[in-house]
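Residue numbers (UniProt numbering): 1 to 203.
All C-beta atoms in this analysis are idealised placements derived from N, C-alpha and C, irrespective of residue type, glycine included.
#1: Any contact of the region 58 to 66 with the region 82 to 89, i.e. 3+ C-beta pairs under 8 Å?
#2: Of the residues 63, 188, 98, which one's Cα is nearest the Cα of residue 35?
#3: Hey, out of 95, 12, 13, 21, whose CA is closest to residue 134's CA?
#4: Give me the residue from 120, 91, 129 with the minimum Cα distance to residue 142.
#5: Straight-line CA distance for residue 175 to residue 33?
#6: Helix, strand or coil, according to DSSP, for residue 137 in the structure here?
#7: Where do the ends of the beta strand (DSSP E) carrying residue 117 lie?
#8: Thinking residue 30 and residue 17 are a contact (beta carbons under 8 Å), I'd like their distance in whole angstroms, please.
#9: Can you tell me whether residue 67 is buried or exposed? The criterion is at least 16 other CB atoms within 10 Å of its CB, across all chains shown.
#10: For residue 137 and residue 102, I'd like the C-alpha separation in whole angstroms.
#11: Helix, strand or coil: which one does DSSP assign to residue 78?
#12: Within 10 angstroms of the Cβ of residue 9, are there 16 or more other Cβ atoms? Answer buried if so, exposed if not.
#13: What distance in whole Å lies between the Cβ atoms of residue 87 and residue 126, which are believed to be in contact at a cut-off of 8 Å?
#14: Can you tell me whether residue 157 is buried or exposed, with buried defined as 16 or more other CB within 10 angstroms of its CB?
#15: Here's a check: name, in chain order, each residue in its chain whose Cβ is nearer than 7 Å to the Cβ of residue 23, leaving out the five neighbours to either side.
#16: Work out the CA separation of residue 161 and residue 69 for me, nearest whole Å.
#17: With distances taken between CB atoms, is the gap from residue 159 to residue 170 smaller than 7 Å?
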């Protein structure tokens with residue numbers, strides 16, 4: 001789920017391949033949007049009346065323009081397995097993560113990634129790329145974070161920056177949030193908060 005900043009508009013996505021719009025002031029359902037051909041894995045929104053979704057195995061990202069009742073389609077690169085997580089950086093750029101370990105930065109003005117980092121979290125013991133499980137962006141800055149299962153803590157199933165950018169909050173699990181395929185026995189199911197320190201060069 002994602003809320004439009006500064007409003008009572010809520011967007012939710014599901015394995016049923018739809019996005020639903022809700023009004024929290026009235027505690028009611030507004031509309032259903034269709035377009036993805038596979039389960040929708042992630043959703044994010046900022047202040048404009050639009051939002052971004054990741055379609056997992058349909059290998060697309062879609063930018064939905066609510067007032068116009070239209071959406072733009074961004075296709076994954078040729079070898080893309082799935083696109084499982086997405087976060088808006090600002091109104092014109094977003095970041096996505098994939099099961100093949102690729103991290104991509106996109107522009108709404110281009111249909112393909114403007115930057116692609118393969119095997120962003122390296123490879124596991126089986127020499128397969130570590131799945132990008134979650135991504136987050138500190139809104140309207142150039143700072144992003146990605147979570148995987150590198151083996152240090154567990155599966156980083158969700159990431160969020162605090163509003164002031166002083167912390168990043170991680171939902172850590174023994175297992176992947178999408179299924180019980182692997183288990184990291186030494187990990188714990190916890191919420192972990194990391195304090196961030198910025199240098200003058202990065203400020």
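By the coordinates alone:
#1: In short, these stretches touch, since the Cβ pair count reaches three.
#2: In the chain shown, residue 35 corresponds to position 35, counting from 1. Ranking 63, 188, 98 by Cα distance to residue 35 puts 63 first.
#3: In the chain shown, the residue the question calls residue 134 occupies position 134. Among 95, 12, 13, 21, the Cα nearest to that of residue 134 belongs to 95.
#4: Taking the first residue of the chain shown as 1, we reach residue 142 at position 142. Minimum Cα distance to residue 142 is reached at 91.
#5: For the purposes of this step, residue 175 is identified with residue 175 of the chain shown, where counting begins at 1. For the purposes of this step, residue 33 is identified with residue 33 of the chain shown, where counting begins at 1. When rounded, the distance between both Cα atoms is 31 Å.
#6: If you number the chain shown from 1, residue 137 lands on position 137. Strand at residue 137.
#7: The residue you call residue 117 lines up with position 117 of the chain shown. 115 to 117 is the extent of the beta strand (DSSP E) around residue 117.
#8: Stepping through the chain shown from its first residue, residue 30 is reached at position 30. Stepping through the chain shown from its first residue, residue 17 is reached at position 17. Contact doesn't hold; Cβ gap of about 18 Å is too wide.
#9: Counting from one through the chain shown, the residue named residue 67 turns up at place 67. Classification of residue 67: exposed, given that the 10 Å Cβ count is below 16.
#10: Here residue 137 is taken as the residue at index 137 of the chain shown, counted from 1. Here residue 102 is taken as the residue at index 102 of the chain shown, counted from 1. Cα-Cα distance, rounded: 16 Å.
#11: For the purposes of this step, residue 78 is identified with residue 78 of the chain shown, where counting begins at 1. Coil at residue 78, not helix or strand.
#12: Counted from its first residue, the chain shown places residue 9 at position 9. Burial call: buried.
#13: Within the chain shown, residue 126 is the residue found at index 126, counting from 1. Within the chain shown, residue 87 is the residue found at index 87, counting from 1. Not confirmed; about 28 Å, so no contact.
#14: Position 157 of the chain shown, counted from the start, is the residue given in the question as residue 157. Answer is buried; the Cβ neighbour count reaches 16.
#15: Taking the chain shown and counting its residues from 1, one reaches residue 23 at position 23. These residues qualify, in order along the chain: 8, 9, 30.
#16: Position 69 of the chain shown, counting from 1, holds the residue named residue 69. Position 161 of the chain shown, counting from 1, holds the residue named residue 161. Taking the straight line joining both Cα atoms gives about 30 Å.
#17: Along the chain shown, read from residue 1 onward, the residue named residue 159 stands at position 159. Along the chain shown, read from residue 1 onward, the residue named residue 170 stands at position 170. Against a cut-off of 7 Å, the Cβ pair of residue 170 and residue 159 comes out as a contact.
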